[in-house]
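For the sequence shown, position 265 matches number 404 in the working numbering, and the numbering has no gaps at all.
All C-beta atoms, glycine included, are put in the ideal place defined by N, C-alpha and C.
Encoded as C-alpha cells, the structure appears first; notes follow it.
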Amino acid sequence: MTTDHQSSASLPYRGRFAPSPTGPLHFGSLVAALGSWLLARHAGGEWLVRIEDLDPPREVAGASERQLRTLEAFGLASDDPVLRQSDRGDLYQQALDRLLSNGDAFVCHCSRTDLAADAGVHRRCVPGAQRSDPAIRFRVPADTVVQFRDALQGPVEQRVDLAVGDFVLRRTDGLWAYQLAVVVDDAAQGITDIVRGADLLDSTPRQILLQRALALPVPRYAHLPLIVDAQGNKLSKSLASLPIDDAAPLPALRAAWSALGQPGATLPGTGSAAFLLTSMTRAFDPTLIPPGPVETPA
Numbered sequence: 140m141t142t143d144h145q146s147s148a149s150l151p152y153r154g155r156f157a158p159s160p161t162g163p164l165h166f167g168s169l170v171a172a173l174g175s176w177l178l179a180r181h182a183g184g185e186w187l188v189r190i191e192d193l194d195p196p197r198e199v200a201g202a203s204e205r206q207l208r209t210l211e212a213f214g215l216a217s218d219d220p221v222l223r224q225s226d227r228g229d230l231y232q233q234a235l236d237r238l239l240s241n242g243d244a245f246v247c248h249c250s251r252t253d254l255a256a257d258a259g260v261h262r263r264c265v266p267g268a269q270r271s272d273p274a275i276r277f278r279v280p281a282d283t284v285v286q287f288r289d290a291l292q293g294p295v296e297q298r299v300d301l302a303v304g305d306f307v308l309r310r311t312d313g314l315w316a317y318q319l320a321v322v323v324d325d326a327a328q329g330i331t332d333i334v335r336g337a338d339l340l341d342s343t344p345r346q347i348l349l350q351r352a353l354a355l356p357v358p359r360y361a362h363l364p365l366i367v368d369a370q371g372n373k374l375s376k377s378l379a380s381l382p383i384d385d386a387a388p389l390p391a392l393r394a395a396w397s398a399l400g401q402p403g404a405t406l407p408g409t410g411s412a413a414f415l416l417t418s419m420t421r422a423f424d425p426t427l428i429p430p431g432p433v434e435t436p437a
C-alpha cells in the first residue's frame, strides 16, 4: 500500500468532485468541478463524482439530484457510478474503531461552553465533564506540524495542535464528521489527486494526519482559487450566489474557463457543451491557473 513517504506518480490518475447537497451548484462549484475535470483529463486520468451527504439537517431535499442533472447538462459525467456518503457508515465505523483501538481517537464529553475560553479549540478534556451524547475526537499531540506542497498554493505548513486541536470524528448527534469520511472515501476510491477550492486548504493537514494514522495513501493536493464577489467575500450558496443555468451551459463554462486563468480566445465561438469541453481539454494549460481569489463575473 502506498504511504505519504512513497511517490504516487506511477499510479493512474484518479480525481473527484464532491459536492454537498445543501443547494444547487453555483459558479464557484462549477469552477471546482471544471478545474478538477480538466486536470484529470490533462493527466489522462479518471474523474469521479461523490455526493457528500453527511449532514441531513443542512441538506435540501432533491439537491443532489439537481446537482447531478446540472453536471450532466454541462457534460461533466462521472467515470464511475456516483458514490453517496450516506450509504457508507459501516466503513467510517471501521476506521473509527481502528483509531480508538490505537489510541489515536478518544471519547470526549466536553461541551461548547467548556471550550469557549479557548475559542472552541480542544487540547485537553475538562475534568469531570459528562454527557449522554459524547463526541469522538482525533488526538493531536502537542507540537504536531504537518507540511505538504500544494500544486497551486505552494508549500503549506500548519501547527495542527494550535490551529485546530483535537478535532471531531463523530459528532455528539451521532453524525460522521467530514474529515473522517472524506479520508476513508478518497482511499476506498483510489483517489490520487484531490482538486478542490482553496477554502478547504486548512482542512488538508487534518486529513493527512488521519491518512497517516490509518496507514492510507496520501494523495497529491491542488487547491483552486477561491471565487469571490465584488467585495472580496467568498461566493456561497446563498445571497450573492445564484445557481447556474442548466439550459444555457456555454456562458457559464466559458466564465469558469476564464476563472481558471485560461484564455477565451483558445475556444470555439459556437458548439455544444461536449464540443466545448473537448476544445478545453486540448487547450488547457494548468500553469495558468491563478492561486489567488478570482472575482465572479457580473
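| Asked | Found |
| --- | --- |
| Touch test, the region 283-300 against the region 199-208, Cβ-Cβ under 8 Å, three pairs minimum | no |
| Distance, P220 Cα to G410 Cα | 28 Å |
| Residue from T435, E434, G408, W396 with nearest C-alpha to L427 | W396 |
| Residue environment, L378, which counts as buried when at least 16 other CB atoms sit within 10 Å | Reliability of the predicted coordinates at L378 is poor, the pLDDT of 40 falling under 50, and no value is obtained from them. |
| Contact belief for P358 with I383 at Cβ below 8 Å, rounded distance in angstroms | That pair is no contact at about 28 Å. |
| Given L308 as reference, the closest of Y231, H248, D218 once Cα atoms are compared | Y231 |
| Residues bridged to P294 [DSSP beta-bridge criterion] | R288 |
| Cutoff 6 Å; reference L355; Cβ partners in own chain excluding five residues on either side | A326 |
| Three-state secondary structure assigned by DSSP to G371 | coil |
| 7 Å CB neighbourhood of K376 in its chain, flanking five on each side removed | The pLDDT assigned to K376 is 42, lower than 50, so where the model puts this residue is not dependable; a value taken from the coordinates is nonetheless given after this. Excluding positions up to five away in sequence, the list reads T161, G162, H165. |
| Under 8 Å between C-beta atoms of I347 and F306 | no |
| Cβ-heavy atom distance, G174 to the ligand MN, below 7 Å | Absence of the ligand MN from the depicted structure is noted, as is the absence of any ligand whatsoever, leaving it without description. |
| Neighbourhood of V265 by C-beta distance below 7 Å, restricted to the same chain and skipping five residues each side | C249, D253 |
| Residue of F277, R310, D289 minimising C-alpha distance to D300 | F277 |
| Rounded separation between D192 and D324 - CA only | 13 Å |
| Where P382 falls: helix, strand or coil (DSSP) | strand |
| Continuous beta strand (DSSP E) assignments of at least 3 residues falling wholly in the region 181-252 | 185-190, 244-247 |
| Cβ shell of D289 (< 8 Å), same chain only, five flanking positions each side left out | V295, L340, T343, Y360, A361, H362 |
| Alpha helix (DSSP H) segment containing F414, residue limits | 412-422 |
| Under the three-state DSSP convention, the category D332 falls into | strand |
| Close-in-space but distant-in-sequence residues of the same chain around T405 (CB under 8 Å, 5 per side omitted) | S418, A422 |
| Distance, A302 Cα to A256 Cα | 15 Å |
| Local conformation of G304 per DSSP, three classes | strand |
| Run of the beta strand (DSSP E) containing I347, from where it starts to where it stops | Per DSSP, I347 belongs to no beta strand (DSSP E); it is in the alpha helix (DSSP H), 343-352. |
| Alpha-carbon spacing of L365 relative to P432, whole angstroms | 5 Å |
| A404, DSSP secondary structure in three states | helix |
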